[in-house]
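Structure record follows, encoded as structure tokens.
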Amino acid sequence: MKISFSKDSLPKSGAVALLVNGDGTLGKLATQADKKADGATRRAMKSANFTGAGASILEVPGCKGFRDGLVFLAGLGDNKKLDPLSLERIGGRLMERAEKNNLAELCVVMDEAKSFAGGAGEAAAQIALGAQLRAYRFRKYKTAAGKKYRKKRNGRDIEPPKAPAQLTFCLGSEEKAKVARRAWQPLQHLGESVDMVRDLVNEPANILFPKAFAQIARKELTPLGVKVEILGESRMQALGMNALLQVGRGSSQESQLVVMQWNGLPKNKKRKPVAIVGKGVCFDSGGISLKPPPNMGDMKADMAGAACVVGLMRLLASRKAPVNVVGIIGLVENMVSGEAQRPGDIVTSMSGQTIEVLNTDAEGRLVLSDAIYYARERFTPDTIIDLATLTGAILICLGRDRAGLFSNDDSLAGALYQAGENEGELLWRLPMGDCYDKMMDSPVADVKNIGGGRYAGSITAAQFLGRFVGDTSWAHLDIAGTAMDSPITATNASWASGFGVRLLNRYLADRFEK
Ligand code: BES
Ligand code: MN
Ligand code: ZN
5 MKISFSKDSL
15 PKSGAVALLV
25 NGDGTLGKLA
35 TQADKKADGA
45 TRRAMKSANF
55 TGAGASILEV
65 PGCKGFRDGL
75 VFLAGLGDNK
85 KLDPLSLERI
95 GGRLMERAEK
105 NNLAELCVVM
115 DEAKSFAGGA
125 GEAAAQIALG
135 AQLRAYRFRK
145 YKTAAGKKYR
155 KKRNGRDIEP
165 PKAPAQLTFC
175 LGSEEKAKVA
185 RRAWQPLQHL
195 GESVDMVRDL
205 VNEPANILFP
215 KAFAQIARKE
225 LTPLGVKVEI
235 LGESRMQALG
245 MNALLQVGRG
255 SSQESQLVVM
265 QWNGLPKNKK
275 RKPVAIVGKG
285 VCFDSGGISL
295 KPPPNMGDMK
305 ADMAGAACVV
315 GLMRLLASRK
325 APVNVVGIIG
335 LVENMVSGEA
345 QRPGDIVTSM
355 SGQTIEVLNT
365 DAEGRLVLSD
375 AIYYARERFT
385 PDTIIDLATL
395 TGAILICLGR
405 DRAGLFSNDD
415 SLAGALYQAG
425 ENEGELLWRL
435 PMGDCYDKMM
445 DSPVADVKNI
455 GGGRYAGSIT
465 AAQFLGRFVG
475 DTSWAHLDIA
485 GTAMDSPITA
495 TNASWASGFG
505 VRLLNRYLAD
515 RFEK
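The opening position of the sequence shown corresponds to residue 5 in my numbering, with each subsequent residue numbered one higher.
Here is the structure:
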């Protein structure tokens, strides 16, 4: 889908979307368009009782004076000031309708509305982002050969709909079109980076195994100016990363650690980096503590934390963010074989702490313990944030709408929470403390990898990680509920949501770029 911003006030071709104020009134350009259609849109609003509620859409077919005869009315809602997320939702809903109507071209007429804080130009860019995010589909494996066997069914993505080839915004003046184009640039990078994460998470594990993942990170990020290093098993062995390595032992795929450095600050401005660490379990069968068959296929997405780190690095580099960030991802496959680790095994992690592995399905924390310790040792980061599809328990606790937030630093937790609210990637903080920490004590090693029984499963997982962060300011995001098997929303129709990139980008921007 090509997105462009035009100085025209009304489109020359294609279907049209007009914006309707929350009080049901039309702006100047929409009034003009309504006249052209002999008042058809106003009549339709009246008979459908369309009031312009936020992100509501009314389809008006058969409009004279427009090439496709189709006009969408999109409600702005009665907000005094429209926030970016409301505008995105409008874009998403318009895209949904454009797809349903199989449109080749859609043009959004951008009347200047009082509620656009940044003017029509910036509003157009924000609507464009919503449309672009909604248009994403994982189409890669839908072939022409299979197409003749596919019919429209009510399930998701049996035949993924096509976005229009062209999405245009009519701003009414070159000046406003320029503002829109300038505002679109960083948002386009953002949208593309989120889509990249979605692609990685949707990709099956026979294609995206650890080595393949590491190569993609190198290929995508190096040209953007990110320094990418890949450590294989022998280098990790030399470093003593046994906790991570032991998870990968049952797999024929070699484990990898990828270190990505983006130094956006000028050389003379020395500053400790922020480290972002991602769980990259390319497939999690559970190992010898094998998972039950239902939904095991979902575990191709157990690398969503790592995918998010790669997407974030891509975004920071492509918008040349003035921050120093190091991304570290541990890539492994958790499989069953005669080589696989056993429940009861004791492993010495890179930190020197010994871990009793009582459940091989609690593998993410083993991978992260070494990746986090490596980040600390090598970079003495100012802050560590890890992302992981770590526990099923977080779904029981928070469902699919909020990710779990754990931290040893109230101000970091507050900043992340707020970034999430602003970007629509919601978090909820859960407690940590001694009473939970002692549930991880092992009688035979320094720590065990599961708590007692089923209680507080997400918290005990966080406590485990907490034993490897030292005094570093640290936050852990459990994204098992928000990264995959996502509900369809205005701006996401993909199984993998791409969760986390926006949140961390906003946190870094608010903290370092103001
Ligand atoms: N990758 C899973 C967590 C998960 C579950 C992610 C569902 C997404 C959806 C993780 O490795 C795991 O298996 N965790 C166990 C921990 C338990 C053995 C202590 C779990 O949640 O059951
Ligand atoms: Mn597991
Ligand atoms: Zn896992």
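The beta-carbon is built from N, C-alpha and C at its ideal position, and this holds for glycine as well.
Excluding five sequence neighbours on each side, which residues of the same chain lie with their C-beta closer than 7 Å to the C-beta of residue i?
i	result
Leu399	Ala484, Gly485
Leu212	Leu204, Cys286
Thr35	none
Tyr511	Ala419, Leu420, Ala423
Pro15	Cys111, Thr172, Cys174
Val183	Gly123, Gly125, Glu126
Can you give me the Cβ contacts of residue i inside the same chain, cut-off strictly under 6 Å, excluding the 5 residues immediately before and after it?
i	result
Asp413	Ser477
Leu507	Ala423, Gly424, Glu427, Glu429
Lys11	Ser177, Glu178, Ala181
Gly244	Met354
Asn328	Asn267, Leu269, Arg275, Pro277
Gly502	Val198, Val201, Arg202
Thr352	Asn246, Thr358
Leu248	Gly334, Val371, Asp374
Indicate, with yes or no, if the ligand ZN has a heavy atom lying under 7 Å from the CB of residue i.
i	result
Thr364	no
Thr393	yes
Asp306	yes
Val285	yes
Got a sec: does the ligand MN put a non-hydrogen atom nearer than 7 Å to the Cβ of residue i?
i	result
Glu367	yes
Asn338	yes
Taking its Cβ as the centre, do 16 or more other Cβ atoms sit within 10 Å of residue i, making it buried, or is it exposed?
i	result
Gly403	exposed
Val75	buried
Arg143	exposed
Gly418	exposed
Cys439	exposed
Arg471	buried
Asp42	exposed
Leu294	exposed
Lys68	exposed
Arg346	exposed
Pro214	buried
Ser373	buried
Lys304	buried
Glu360	buried
Tyr145	exposed
Ala52	exposed
Ser256	exposed
Lys452	buried
Gly461	buried
Ala149	exposed
Ile7	buried
Considering only heavy atoms of the ligand BES, does any lie closer than 7 Å to the CB of residue i?
i	result
Ala375	no
Gly301	no
Ile94	no
Asp288	yes
Ile454	yes
Gly461	yes
Ala484	yes
Leu399	yes
Gly396	yes
Give the C-beta separation of residue i and residue j to the nearest angstrom, bearing in mind that I take them to be a contact with Cβ-Cβ under 8 Å.
i	j	result
Gly368	Ala407	Not quite, the Cβ-Cβ distance comes to about 14 Å (not below 8 Å), so this is no contact.
Leu235	Leu261	4 Å
Asn106	Lys166	7 Å
Leu77	Ala124	Not quite, the Cβ-Cβ distance comes to about 17 Å (not below 8 Å), so this is no contact.
Leu434	Phe410	6 Å
Ala321	Gly229	5 Å
Gly95	Leu80	Not confirmed; about 12 Å, so no contact.
Pro129	Ala187	The amino acid at residue 129 is misidentified as Pro; the sequence shows Ala. That pair is a contact at about 4 Å.
Gly284	Ala344	Wrong, their Cβ atoms sit about 18 Å apart, outside the cutoff.
Lys32	Asp115	6 Å
Quick one: residues in its chain with C-beta nearer than 8 Å to the C-beta of residue i, no 5 flanking neighbours on either side, listed in chain order?
i	result
Val313	Met264, Ile280, Val281, Gly282, Gly331, Ile332, Ile333, Leu391
Glu381	Met354
Contiguous alpha helix (DSSP H) assignments of at least 4 residues, all confined to the segment 180-259: Whole alpha helix (DSSP H) segments, 4+ residues: 214-225, 237-243, 246-252.
Whole beta strand (DSSP E) elements within the segment 477-517, 3-residue minimum: Scanning the segment 477-517 from its first residue to its last, the whole beta strand (DSSP E) runs of 3-plus residues come out as 477-482.
Beta strand (DSSP E) runs wholly inside the segment 41-100, at least 3 long, in chain order: Runs of beta strand (DSSP E) with 3 or more residues, each lying fully within the segment 41-100, are found at 61-64, 75-79, listed in chain order.
Within the segment 416-476, ranges of the alpha helix (DSSP H) (whole runs, at least 4 residues): Listed in chain order, they are 438-441, 461-470.
Entirely enclosed alpha helix (DSSP H) segments - the segment 277-358, minimum 4 residues: Positions of the alpha helix (DSSP H) runs, each at least 4 residues long and wholly inside the segment 277-358, are given as 308-322 in order along the chain.
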